[in-house]
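**Q** Sending over a structure as structure tokens; questions will come in a sec.
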Amino acid sequence: MMPTSEDELSGMIRDASGPISVQGGGTRGVFADGQALSTAGLNGITLYEPGALTLVARAGTPLSEIESSLAAEGQRLAFEPTDMRALLSTSGAPTIGGIVATNASGPRRIQVGACRDHLLGVRFVDGAGNIVKNGGRVMKNVTGYDLVKLLAGAHGTLGVMTEVSLKVLPLPQAVATLSIPDLDAAQAVAAMSAALGSPYDVTGAAWADGAAIVRLEGFSDSVAYRADRLAEELMQFGAVTIGDVDWSAVRDARAFAGLPGDVWRVSIRPSAMPAMVSAIRADGDVQVMADWGGGLLWVLCAAGRDLRTSITSGHATRVRGDASAAIARFHPEPAAVAALSRGLRQRFDPRGILNAGVMG
Amino acid sequence: MQMPQPNASVIALKDQLAARLRSVMPADAVITDIAETRAYECDGLSAYRCPPLLAVLPASTQEVSDILRICHDMGVPVVPRGSGTSLAGGAMPTADSVILGVARLNAVLETDYADRIIRVQTGRTNLSVTGAVEAEGFFYAPDPSSQLACAIAGNIAMNSGGAHCLKYGVTTNNLLGVTMVMMDGTVVEIGGGHLDAPGLDLLGVICGSEGQLGVVTEATLRILHKPEGARPMLIGFDSNAVAGACVSDIIKAGVLPVAIEFMDRPCIVACEAFAKAGYPDCEALLIIEVEGSDAEIDHQLALIGEIAARHNPVEVREARDADQAARIWLGRKSAFGAMGQINDYMCLDGTIPVTELPHVLDRIRQMSAEYGLDVANVFHAGDGNMHPLILYNANLPGDLERCEEFGAAILKLCVEVGGCLTGEHGVGIEKRDLMHVQFNAADLDAQMAVKDVFDPGWLLNPAKVFPLDASESHRAA
């Protein structure tokens, strides 16, 4: 199925006789059983106002089209949407709907927020075929319940998005990355916390290949000034160099692309990260790297390993692994919270046909 | 304002309910005396009042759970209350409801500068959250203008904003976790010190649900290190349209100030008379604040000055020191007080796309003449969140009603140009019946489905947010 209008999509869902697998670009490894429904026919930027920092696009619009329109005006999606193609060996073109449905947010999460924080409004068709809008296209909006956040990251289980409106931000004039090599997990978290606890407006803090890397963005003079100041403060953790780093590799966990094994994302408090790395290593061979100042751990481990048995706080999502294995993609929720999630899915999709089983 | 008929059988349960509540909490925390319950009869929307059946002041999550379980058992509606500063009637009681005030829940539970979070009980005031961390150089970013008094509980319920949200976001962007008590007494933990949700983003829908999904007793909030410094610039223009175009150009140029405030002539005149801040005599002025080191601030203000110069400003005034900065902010910060001195006023809160500013201000001026009521405009221009203040005379019969009609017309205009009814104050009872303007039946049903799941009996904060005709079938189910 490939609807070309919201009404057509509504009819298709209303008349569906079985489960539907909602597909954007198909790059993020989220596949449900059922008839495929592609959003590719819901395509195009419908409104872009650079002076209001807002962009509205239909859900199937390729990210590349949005990014080139924004770049032409010196703007960008500041939440740094991830590209999972290399890591998951998928092909196709990521769509804005898929990014929103998975709340795909990169290193700048720690400064500007996640995709959900930049999502101003949605239009979607729920599991009964109802066309619903929520939010809008303005920065501040508390009119009614915020279903916008609920739809972001719902992996298509509450409705099929047809249009999203997003806050965009200016591209910086300059970028610089400070690197400190040869740090263990505890030293890296300490260095990243010091950077993030400074007044210098850090826009990325990651730990990869044993190096802590810290990103600054803004006007050239300002970046140069802050880089110098921050380098002084971080010298206590090791030798600091200032240069260029490819943050898209960090964003997409590309170091694990092409290597055998399963890949997990663990979301934790940064201070809990070093002990967690030790616990995960004690239970088997792994490779690890961290983003979000230590609050996001990427783990490459043996295929079939249930990483959750080594984890005592936060939550773990398996992003790559054998889908037929008994390990769920998402971390099980406490019973009372799971009941709320289940209740919401039942209300928005009473027949349980939209991406059934993808979120439990 | 139409409210549902109070349930007489619930009112008849008052003594029995009070006795059960006193069995689970100290006697002084259950307020039944009619003179004392009057303290809770309204919030910041003081035109509407109704004393509650009784009020309770729990001191722990366990007590909140006990209260809600008892009220749930007995079918008694509950109205959660932070500090009662809502401008939308979000905490207004009904005659058959219990006010649950969180004022005694005001402890700081944990502060972690390495993880940059603070965990507090939600009766704590917004400003005192910053107060708890500022010695270490940190602050809590959302800064509603009632921040001295308003509670975090209310901030979460209404997803409060503030003057600096252009850069730092509103409550929902700075809230990482909650402990929430459901109407049946169940305690749930959602989120925590980490940055994303393991499943559906329940935290996202709880924030801004106006106390209708549960009572949040504890919250984990993101704290940030303060910038090295901040300084404002004042720019006067000879028309609203030119000031609006300047805002757009600044944003397009890649400068992202932390605040862009806009005042029109009626507001400037009133503030000048009240605060004598020395504002220029002009049609519109912008106060733009940027952050960073001294050199960074100089650079950004210079850029903004260049952009403003292309719009033939009447005056450009750059703060060179803290004293000059305070003078620039003085008039803006006393705007509401200044208006209160000269008149009764109603403060609106619609948001519009920034590009529509000149058009909307023109229309408001025309409508002002049609309704025969003056309007002063002061608002957060960077994000399009308007605060038109409609002046009226409460002692003149019919004036309040005319003012409300005018207000409704302005909010409809906001929706018409692509904006919304409320940017940061919330719907409450004030804008409840206007929800049809922005949402159709399916839009409202989807929101009410969330309410059905969290509070199937519709006992929490009744008769708010959703028009009564729209919610009737849900409430009866």
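Those sequence lines, one after another, are chains E and V. Residues in the first sequence are numbered consecutively from 13, following my numbering. Residues in the second sequence are numbered consecutively from -12, following my numbering. Virtual Cβ for every residue (Gly too), placed ideally from N, Cα, C.
Determine which residues of the segment 332 to 354 of chain V have a Cβ less than 7 Å from any Cβ of chain E, and write them out in chain order.
**A** Of all residues in the segment 332 to 354 of chain V, T338, I339, P340, V341 and T342 have a Cβ within less than 7 Å of some Cβ in chain E.
**Q** What did DSSP end up calling H181(V) once you bin it into helix, strand or coil?
**A** Note: H181(V) maps to coil in three-state DSSP.
**Q** Measure from the alpha carbon of R25(V) to the alpha carbon of each residue in L41(V), E50(V) and D281(V), then state which is nearest.
**A** Of the listed residues, the one whose Cα sits closest to R25(V) is L41(V).
**Q** With C-beta atoms as the reference, is Q134(V) less than 8 Å away from N160(V)?
**A** In this structure, N160(V) does not lie closer than 8 Å to Q134(V) by Cβ.
**Q** Tell whether a beta-carbon distance below 8 Å holds between I416(V) and M12(V).
**A** The answer is no: Cβ separation not under 8 Å.
**Q** Which residues of the segment 143 to 168 of chain E have a Cβ closer than 7 Å to any Cβ of chain V? Give them in chain order.
**A** Listed by position, the residues of the segment 143 to 168 of chain E near chain V (Cβ gap below 7 Å) are I143, V144, K145, N146, G148, R149, V150, M151, K152, N153, V154, T155, G156, Y157, D158, L159, K161, L162, A164, G165 and A166.
**Q** Given P286(E), which residues of its chain have a CB within under 7 Å of its CB, disregarding the five upstream and five downstream residues?
**A** Same-chain partners within the cutoff: A197, A198 and V201.
**Q** Within 10 angstroms of the Cβ of Q87(E), are there 16 or more other Cβ atoms? Answer buried if so, exposed if not.
**A** By the neighbour-count rule (16 or more Cβ atoms within 10 Å), Q87(E) is buried.
**Q** Does chain V have any CB closer than 8 Å to the CB of D318(E)?
**A** For D318(E), the answer is no, since every Cβ of chain V falls outside 8 Å of its Cβ.
**Q** Using 8 Å as the Cβ pair cut-off and three pairs as the minimum, do the segment 363 to 372 of chain V and the segment 244 to 264 of chain V touch?
**A** These segments touch.
**Q** What are the residues of the segment 96 to 121 of chain V that lie near chain E, defined by any Cβ-Cβ distance shorter than 7 Å?
**A** Residues D99, Y100, A101, D102 and R103.
**Q** Should R297(V) be labelled buried (16 or more other beta-carbon atoms within 10 Å of its own) or exposed?
**A** Exposed, since its Cβ has fewer than 16 Cβ neighbours within 10 Å.
**Q** Give a yes or no on whether the C-beta atoms belonging to P38(V) and V85(V) are separated by under 8 Å.
**A** Contact flag unset, no.
**Q** Distance cutoff 8 Å, beta carbons only. Does S(-4)(V) sit that close to anything in chain E?
**A** No - not a single Cβ of chain E is within 8 Å of the one on S(-4)(V).
**Q** Using a Cβ-Cβ cutoff of 7 Å, what residues of the segment 4 to 38 of chain V are near chain B? List them in chain order.
**A** The chain labelled as chain B is not found among the protein chains of the depicted structure, namely E and V.
**Q** Quick one: is A325(V) near chain E, going by C-beta distance under 8 Å?
**A** A325(V) does not count as touching chain E.
**Q** Taking a Cβ distance cut-off of 7 Å, strictly less, list which residues of the segment 260 to 271 of chain E are near chain V, in chain order.
**A** Under the 7 Å Cβ criterion, the segment 260 to 271 of chain E contributes no residue.
**Q** Which ranges would you report for the beta strand (DSSP E) in the segment 118 to 178 of chain E if only whole runs of at least 3 residues count?
**A** Segments of the beta strand (DSSP E) lying fully in the segment 118 to 178 of chain E: 131 to 138 and 143 to 147.
**Q** Using only the alpha-carbon positions, how far apart do E465(V) and I291(V) sit?
**A** Nothing can be reported for residue 465(V), as the shown portion of chain V is limited to -12 through 464.
**Q** Return the bridge partner residues of G255(E) from the DSSP annotation.
**A** Beta-bridge pairing links G255(E) to T189(E).
**Q** May I ask you to verify whether the segment 104 to 120 of chain E touches the segment 163 to 173 of chain E, counting CB pairs closer than 8 Å and requiring at least 3?
**A** Verdict: yes, contact present.
**Q** If you reduce the DSSP assignment to three classes, tell me which class D420(V) lands in.
**A** D420(V) falls in the helix class under three-state DSSP.
**Q** Would you list, in chain order, the members of the segment 102 to 127 of chain E that have their beta-carbon closer than 9 Å to a beta-carbon of chain V?
**A** If the cut-off is 9 Å between Cβ atoms, the segment 102 to 127 of chain E has N115, S117, R121, I122, V124, G125 and A126 near chain V.
**Q** Using only the alpha-carbon positions, how far apart do T114(E) and Y127(V) sit?
**A** One C-alpha to the other measures close to 28 Å.
**Q** Compare the C-beta of P185(V) with all C-beta atoms of chain E and state if any pair is closer than 8 Å.
**A** Taking Cβ atoms only, chain E reaches closer than 8 Å to P185(V), which makes this a yes.
**Q** Could you tell me whether the segment 200 to 215 of chain V touches the segment 272 to 287 of chain V, using the rule of 3 or more Cβ pairs below 8 Å?
**A** Enough Cβ pairs lie closer than 8 Å, so yes.
**Q** What are the start and end residues of each continuous alpha helix (DSSP H) run of 4 or more residues lying completely inside the segment 110 to 178 of chain V, in chain order?
**A** DSSP runs (the alpha helix (DSSP H)) wholly in the segment 110 to 178 of chain V: 113 to 120, 139 to 145, 152 to 155 and 158 to 161.
**Q** In chain order, what residues of the same chain have a beta carbon less than 7 Å from the beta carbon of S73(V), not counting five sequence neighbours either side?
**A** Answer for S73(V): D30, G31, L32, G141, M145, G413 and G415, listed in chain order.
**Q** Nearest CA to the CA of D303(E): which residue from A294(E), R320(E), V252(E) and P282(E)?
**A** When each option's Cα is compared against that of D303(E), the closest is P282(E).
**Q** Nearest by alpha-carbon distance to E391(V): which of V402(V), Y27(V), D420(V) and C407(V) is it?
**A** Among V402(V), Y27(V), D420(V) and C407(V), the Cα nearest to that of E391(V) belongs to D420(V).
**Q** What is the rounded straight-line gap between the Cα of I351(V) and the Cα of E411(V)?
**A** Near 20 Å, if we compare the C-alpha coordinates of E411(V) and I351(V).
**Q** For E61(E), count neighbouring C-beta atoms within 10 Å of its own C-beta (all shown protein chains included) and say buried if the count is 16 or more, exposed if not.
**A** The residue in question, E61(E), is buried, as its Cβ has 16 or more Cβ neighbours within 10 Å.
**Q** Can a CB atom of chain V be found closer than 8 Å to the CB of Y60(E)?
**A** It does not: the Cβ of Y60(E) has no partner Cβ on chain V nearer than 8 Å.
**Q** Identify every residue that forms a DSSP beta bridge with H59(V).
**A** None, per the DSSP bridge assignment.
**Q** Rounded to the nearest angstrom, what separates A240(V) and L8(V) at their Cα positions?
**A** Cα to Cα, the separation comes out at about 59 Å.
**Q** Are there 16 or more other CB atoms within 10 angstroms of the CB of T16(E), so buried, or fewer, so exposed?
**A** Its Cβ having fewer than 16 others within 10 Å, T16(E) is exposed.
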